[in-house]
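One structure is given here, and the rest of the page talks about it.
There are 4 protein chains.
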Amino acid sequence: MNDRFHDECGVFGIFGHPEAANLVYLGLYALQHRGQEGAGIVSSDGEMLRIEKGLGLVSDIFSEENIAKLKGSAAIGHNRYSTTGTSQLVDNVQPLLINYALGSLAVAHNGNLTNYGAIKDELEAYGSIFHTSVDSELIVHLIAHSKSGSLSTRAVDALQKVEGAYSLLILSEQEMIGIRDPNGFRPLCLGMLDGAYVLSSETCALDLIEAQYIRDIEPGEMVIINKDGIKSYHPFPEARQSCCIFEFVYFARPDSYIFGENVNFIRKMMGKRLAREHPVEADLVVPVPDSGVPAALGYAEESGICFDMGLIRNHYVGRTFIEPKANIRHFGVKVKLNPVRRLLEGKRVILVDDSIVRGTTSRKLVKMVRKAGAKEVHMRISSPPTTHPCFYGIDTPTRQELIASSHTVEEIRRYTTADSLGYLSLEGLLSVIPDSMNKFCTACFNGDYPIAFPEDRMSQLGLFEK
Amino acid sequence: MNDRFHDECGVFGIFGHPEAANLVYLGLYALQHRGQEGAGIVSSDGEMLRIEKGLGLVSDIFSEENIAKLKGSAAIGHNRYSTTGTSQLVDNVQPLLINYALGSLAVAHNGNLTNYGAIKDELEAYGSIFHTSVDSELIVHLIAHSKSGSLSTRAVDALQKVEGAYSLLILSEQEMIGIRDPNGFRPLCLGMLDGAYVLSSETCALDLIEAQYIRDIEPGEMVIINKDGIKSYHPFPEARQSCCIFEFVYFARPDSYIFGENVNFIRKMMGKRLAREHPVEADLVVPVPDSGVPAALGYAEESGICFDMGLIRNHYVGRTFIEPKANIRHFGVKVKLNPVRRLLEGKRVILVDDSIVRGTTSRKLVKMVRKAGAKEVHMRISSPPTTHPCFYGIDTPTRQELIASSHTVEEIRRYTTADSLGYLSLEGLLSVIPDSMNKFCTACFNGDYPIAFPEDRMSQLGLFEK
Amino acid sequence: MNDRFHDECGVFGIFGHPEAANLVYLGLYALQHRGQEGAGIVSSDGEMLRIEKGLGLVSDIFSEENIAKLKGSAAIGHNRYSTTGTSQLVDNVQPLLINYALGSLAVAHNGNLTNYGAIKDELEAYGSIFHTSVDSELIVHLIAHSKSGSLSTRAVDALQKVEGAYSLLILSEQEMIGIRDPNGFRPLCLGMLDGAYVLSSETCALDLIEAQYIRDIEPGEMVIINKDGIKSYHPFPEARQSCCIFEFVYFARPDSYIFGENVNFIRKMMGKRLAREHPVEADLVVPVPDSGVPAALGYAEESGICFDMGLIRNHYVGRTFIEPKANIRHFGVKVKLNPVRRLLEGKRVILVDDSIVRGTTSRKLVKMVRKAGAKEVHMRISSPPTTHPCFYGIDTPTRQELIASSHTVEEIRRYTTADSLGYLSLEGLLSVIPDSMNKFCTACFNGDYPIAFPEDRMSQLGLFEK
Amino acid sequence: MNDRFHDECGVFGIFGHPEAANLVYLGLYALQHRGQEGAGIVSSDGEMLRIEKGLGLVSDIFSEENIAKLKGSAAIGHNRYSTTGTSQLVDNVQPLLINYALGSLAVAHNGNLTNYGAIKDELEAYGSIFHTSVDSELIVHLIAHSKSGSLSTRAVDALQKVEGAYSLLILSEQEMIGIRDPNGFRPLCLGMLDGAYVLSSETCALDLIEAQYIRDIEPGEMVIINKDGIKSYHPFPEARQSCCIFEFVYFARPDSYIFGENVNFIRKMMGKRLAREHPVEADLVVPVPDSGVPAALGYAEESGICFDMGLIRNHYVGRTFIEPKANIRHFGVKVKLNPVRRLLEGKRVILVDDSIVRGTTSRKLVKMVRKAGAKEVHMRISSPPTTHPCFYGIDTPTRQELIASSHTVEEIRRYTTADSLGYLSLEGLLSVIPDSMNKFCTACFNGDYPIAFPEDRMSQLGLFEK
């Protein structure tokens, strides 16, 4: 079930609330789906920054004791996702907290910087010492190197040098800064609680703390929040807006509003559209839980075919499942999902999932459902084929590993052993999102990358192949 | 969300398989919903028993290293649930492993012994020393005290002295014994994998390891499994059969078959029957996830009213959520569930849950749904009012805390602030279970306890009140 | 350097002091040399007993937090030493705390019960379940089985059934009992602090808490301490007094008084006597630190030969030294002791140690000193050859492993490569202890065991060999 | 007993041995007395550096598992001592390991850089980010900033900018560099084992691994060790030689040779000289163990007065002793040392210690010895009064806290309550060290600092006071 795209990170901050660290803890809790490898919180009491962080889930890392140490009325936090080899290093958990010429600062970053390697080399030649293997460290070095007089101007200096995706929170002793990159890849919204400003990757975190949603931070916008209130700036040249459409497809929590719409609602619309694009005679619509549920409900509603939970998810599947040794059966998706034979037996089943990455999971699911007695298994995917890797903050396999990059839909169907396979068209996907023209990054579906990549890196990534 | 009845424990064992401990680990994984406080595995290599156990989830307790220590081709395991004060003592985690006159033995017990106190006093007067505060220790003491010559006859001696509920696995160096009490309160089934016999609380654990389901262990049956195969005995006097009906209502996993039927199927039938018993004009059927989903689907199907996931569950809610301090809002169910305003706004909503215990959670949910914009909130419960505590292995509050023990349905409705409230009737519940007459314990709904309780204890428990 | 006899355990208790657990912690600290494998404290607040225990050193096991949990004005503690395979099981750490018919009790035991196996078998046949592999558990079972009406009479019942060595503390909710076996193998003394009675293995623990030494508990004496004060009983038949002479040779701390004399003083006298028994022309007397220091000082004083610390001990040698792999030199005593070439070079050296067990360490030391430049190395041992194992609470190798059980002094000298070797005679040893006739157990030197052993066990232990 | 000067750190490295990490582990073990707060090892396999480090003792930090991860035939290690507030941060444990333009490098540093603050400010203004609060990080930043082409030339560049004391090991993928500052404050010696070069703070670590001592690294010398052998350079301007005389007085292990002589030998000579400078009629010479032992032996030998261990040290005193609450007696030195009344009673005692820092410990010791029955207590100190703090790698209190900075010997005697007090004269101290003229730093005794300090810092440190 690792056979999915994965989001990289969620951020949450609040300025001017006596329970700042507690509320950031809750915010990270609500954003846990955006990263489960580690989490951290940095607070400011106006004079100094304090940090607590660790590997694992928010609920494992934080205790009453360590939250109590995070004194002060401002705090930012970060949930980390990563598949890189050094993911298990606590040094790589954000926020990054440093001391520099102007004092202290902490940074929490959701996104990915595409020119990390080049700038890092330059800084190292200059004598800078990097202490982590996360691209976000670039930002703190560039801020430290800037000769500007204030943190915010240094941050602008720094971000003018980087390319890529960033929804960014910066905390100093005196202020909290929120910045969304000019393309607006990743979401970031503004809320308010008891007069304190809140910044969050998704609105579901505002809901939990009962903060009021105010508005999204705009692409290219920088907000500076301090004791005098909030100020908004647009310090970067304008760029083509390109919000990540996969947030709607899979990443964001269904109860969140992002980019102006509710995620669950959009997903259900995808399912309806999918039913119109790829109808099939069948007895039962079954979602791949939990992400396939809204689209499956939409498909069922539109098609009039009965919906049921034919696959049951084990909610206790943790990160550390021990695969038994080779000489007993191979597990994988079985650990997470079990079919309900009583529902599936003798039925023509439509299996609805949000995407196919390598195809291996889909193949196991189709076989599992068929083994449980289904007469026919029709696979329906509520997004277009994913043909290209992402460089803006999503963890995707290389192009070669994406089954749709080198196989036709019919070939994929044969591989999964489904009786039929239908993907939602890109046109169909865009049609259910209001005001979607020219607003979204769809590179993972069509290779139309909003930020050009150096040619040698492209070739190395296999983007010119085939 | 602790406002539910809770199951006490799951058991799983296998005899005659080279991967015994690995497979028990997987079995416990699949039975994790039956107990999350701790788990243990004891294995036998024919000469000695080895144990590994701990507090927490199966995936946290076991690692490749400690499973590898559990040598041998036979093993039994146990998932523990408990709300008693000493739940955090690893001594109380089962299986209990002891040395006694005949060698070593380990016991894994799902159920509750109603005459624990009396027999414990007797044994202590005799000189026995108890090392845990779990009733299951009674069984090992009684086996140790029996003068019979074999483990199985000692086990029969011992169990003839105890009253209550027990689905029990016993492992010695040479054999595995499975026993279900004469009333058959808790489930226990028999399966087979690669020629090895498997015993499990539920079939979902057989599915995960791809074992074949053979049959349920009968009430009062004892099976002895050793290198010569399996033998079945009925050593106890016959008793009124009284399987726990709440396994169908809430405890068992929907994909399991227990007492001869699929759980998900029965729950959906409950929802259908509920729709016929308590119809209402509305726009949307919304389940309280995850346990309310099958009944809500049934209700929606029967009523023709649209189904949707109007409450989104945070899947990362752990056991250790830290409630922030008093001066920010009280959390509780909000941490676990968030309403989807986009779906609920302006709608007349039917909220389907499996049961109401204290009523506090239902009240919060109704208010949450209404605050998210619902015009009306109609509460529908897929089981009868729970008026009496359980003494056969379910963790229930005292009678006084059960809202239905002292309030009418209308009073409960007013407390929850719902616009209407409908419970499935006991007749209705029994009608959807095949062959259900005289077979189930329904004490929690009507106080009809299959095993009489000493009078003073009854009064102390408030069973004669009102 | 494991090549020594090792003491088994120290005990310490106090009754009637508001800082009871804190003071027991300090007492165990001072008695740490008697056992480093684990430690525990049980306290009583008059109503219930509480326990904290763990593996490792006292300073690692106890913290302000867990000591604070040990409420009440009475407490007993135990330092554990053991070389048995299960030494690393925290279950085996004392005090043992149980619930039984009369309430709760805790036991801390220094010594060894010689009929453990036989009585354990009997109790198990009876139905008792043992939870540890320490002989001290026998005592709690026998107390639980006694039908007497009070704890103290039950304790007498119990101890009348056991044979061997025990300096024992028992704590119940209401009283603390101290008992020394009729032979008086192990030391136990009584002190007083701020009106509270203290029981301790050695006086050095009284010194640390500034308690006043009152007297030794007599062989066969039982003292019962409760809110009414202290009462003394002699409930056991009189036996031949046989205090462990090795406490003087090696075990006890030099600053302690035991069996009526100061340990350091006796050791120095041994050295003087040794100088008279085994004089040799030499330039330097060098102790094997730290245990050989007092005897070496005595030897130097008597002989007029210069004393110096020619071997330096690394004080940070812990229990967990990792021996590097086979292909680099073998370590062992080198890790603990390093010779000072500047002192030893060209000298005729007298090396003074307290005993020789297997001889391997002595051999390494002689070679080490010679390699550091010594012209001659004369080994002098401040006790007689150790020819027999101990069964009364000392961890000794089997008879076969004791080099002196099967080799003459000249053979041992050749093995150690020393130029000469002299042991203190048993007569000489006894002559320096005041009032020593008929008072001490000297079995390890001459096989004169005060408590007869069943014949088969003797033969199995090799006591009849050669 | 914290009332001493404390050494800051030991270093150990080896190049070209298949057991490199294992041997560094042993080396750190032997150098444990130079720092007990933490330790680390970095190894190189020719291609990459690996690190393992932690807080606590060497034997607690390292296990077979983590040593096994330190692959390669070169390794350096470090024992850390520190009293600063952030001592408990594992980030501050050395070696420091960084990536920079030329690859990776690790640094292990014994000493103290006097211009740390000024250069750090400069580097931060430049954009450098410091990640620890140890002065040694300065060196890695300066190496990273150097534009020279090789590690060794960069190291020279870097060290030309710093002032103070440094015995330094640097490890890269390909070579090990050892450097001693031009003043030669801290020791550093060269050894050889099986053809591999070894660098160590003291010779006792060479002894443990059975390496051969070759020579001391000279003040201002840099040795570069790689597969081609060893090369020696003197890249720095010559400076006044000023080895730390306190290494002889207290820090170094008695079995080590440093600055060309054996430590134990020198200490004994100090005791002899002390006996000549401050004779007194008495019955017993008693050392404050363990550091006072050699001088006490010298005093006894010279004076002909009997020597004995009148104070017994508890060898299990750890770093984490929990001082019991205020309402029982104050502990302190009692936890570590206990007097032997039997030896002291009625005697005129000469108590020999190596130094007096604040005087509080001496006062407690004098009182303790007198309370144990001594008729007279004469304090003799084997070094001159310590009047000035150290800035070259020794942890000393501020000038105000040094009792000798503001009190006469007679005032100190009165404070300690001794009957007489005699310090070894500086002249006397120097007289027992061969070739000592103009070679040692004696600043802590006479304020003659070899490296000038900026004036404002001096005044802030109270050096101009009184």
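Protein chains in written order, with our numbering: chain A, 1 to 466; chain B, 1 to 466; chain C, 1 to 466; chain D, 1 to 466. For glycine and all other residues, C-beta sits at the position ideal for the given N, C-alpha and C. Bear in mind the structure is a predicted one, so any value in this text is a computation, not a measurement.
Original post:
Using a C-beta cutoff of 8 Å, does B/I98 count as contacting chain C?
Top reply: yes
Subject >> Rounded straight-line distance, which links the Cα of A/K371 to that of B/E52 >> reply: 35 Å
**OP:** Would you identify the three-state DSSP class for D/R370, choosing helix, strand or coil?
**Re:** helix
**OP:** For B/E247, count neighbouring Cβ atoms within 10 angstroms of its own Cβ and tell me buried if that reaches 16, exposed if not.
**Re:** buried
**OP:** Go ahead and pull the three-state DSSP assignment for C/D135.
**Re:** coil
**OP:** Express the C-alpha separation of B/E175 and C/Y470 in angstroms, rounding to a whole number.
**Re:** Residue 470 of chain C lies beyond the residue range present for chain C, which begins at 1 and ends at 466; the question has no answer from this structure.
Original post:
Out of curiosity, what's the CA-to-CA distance linking D/S44 and D/I230?
Top reply: 17 Å
**OP:** Could you list the residues in the region 254-273 of chain A with a C-beta less than 7 Å from some C-beta on chain B, going in chain order?
**Re:** P254, D255, N262, N264, F265
Original post:
Of all Cβ atoms in chain D, is any one closer than 8 Å to the Cβ of C/K347?
Top reply: no
Subject >> Beta-carbon gap between B/L96 and B/T153 smaller than 8 Å >> reply: no
Subject >> Neighbourhood of C/G111 by C-beta distance below 7 Å, restricted to the same chain and skipping five residues each side >> reply: G164, A165, Y166, S167, D181, F185, R186, Y392, G393
Original post:
Between D/H378 and D/N446, what straight-line distance do the alpha-carbon atoms span, to the nearest angstrom?
Top reply: 25 Å
Subject >> CA nearest to the CA of A/P434, picked from A/V263, A/Q400, A/R358, A/G422 >> reply: A/V263
**OP:** Starting from the Cα of B/G16, find the closest Cα among B/R380, B/A275, B/I225, B/I451 and give me that residue.
**Re:** B/I225
**OP:** Using the Cα positions of D/P279 and D/L430, report the straight-line distance between them to the nearest angstrom.
**Re:** 19 Å
Original post:
Measuring CA to CA, which of C/Y250, C/L284, C/D216, C/N99 is closest to C/Y384?
Top reply: One detail in the question is off: residue 384 of chain C reads as Pro in this sequence, not Tyr. Answer by Cα proximity: C/Y250.
Original post:
Whole-angstrom Cβ separation of D/V42 and D/L31, contact assumed at under 8 Å?
Top reply: In fact, because the Cβ distance is near 16 Å, the residues do not count as touching under 8 Å.
**OP:** Rank B/N79, B/G72, B/R34, B/K69 by C-alpha distance to the C-alpha of B/L55 and give the top, closest one.
**Re:** B/N79
Subject >> Beta-carbon contacts of C/E124 that lie in its chain and below 8 Å, excluding the five residues immediately before and after >> reply: F130
Subject >> Sufficient close CB pairs (3 or more, under 8 Å) joining the region 281-289 of chain B to the region 336-353 of chain B >> reply: yes
Original post:
Using a C-beta cutoff of 8 Å, does C/D308 count as contacting chain D?
Top reply: yes
Original post:
So A/E202 packs on A/I258, CB below 8 Å; how close in whole Å?
Top reply: 6 Å
**OP:** Whole angstroms is fine: what's the gap from C/V93's alpha carbon to C/L26's?
**Re:** 18 Å
Original post:
Can you name, in chain order, every residue of its own chain whose Cβ lies under 6 Å from the Cβ of D/L274, other than the five neighbours on each side?
Top reply: Y299, R380, S382, L424
Original post:
Applying the criterion that 16 or more other CB atoms from any shown protein chain within 10 Å of the CB defines a buried residue, is D/T84 buried or exposed?
Top reply: In this prediction, D/T84 scores a pLDDT of 43, lower than 50, which makes its location untrustworthy; no coordinate-derived value is stated.
**OP:** Compare the C-beta of B/C9 against all C-beta atoms of chain A and say whether one is closer than 8 Å.
**Re:** no
**OP:** Please compile the residues from chain B whose C-beta is within a distance smaller than 7 Å of the C-beta of A/Q160.
**Re:** Here the premise fails: no neighbours, minimum Cβ distance about 37 Å.
Subject >> Where D/S431 falls: helix, strand or coil (DSSP) >> reply: helix
**OP:** Could you tell me how far apart the beta carbons of B/A296 and B/F307 are, in whole angstroms, since I believe they sit closer than 8 Å?
**Re:** 6 Å
Subject >> Rounded separation between A/R319 and A/I61 - CA only >> reply: Low confidence applies here, because A/R319 scores a pLDDT of 47, under 50, leaving its location unreliable; read the following figure in that light. Each residue's alpha carbon lies about 15 Å from the other.
**OP:** Ignoring anything shorter than 4 residues or poking outside the region 278-308 of chain B, list the alpha helix (DSSP H) runs there in chain order.
**Re:** 293-303
Original post:
Is it buried or exposed for C/E137, if we count other Cβ within 10 angstroms and need 16 for buried?
Top reply: buried
Original post:
For D/V11, which of D/G178, D/D135, D/G46, D/H145 has the nearest alpha-carbon?
Top reply: D/G178
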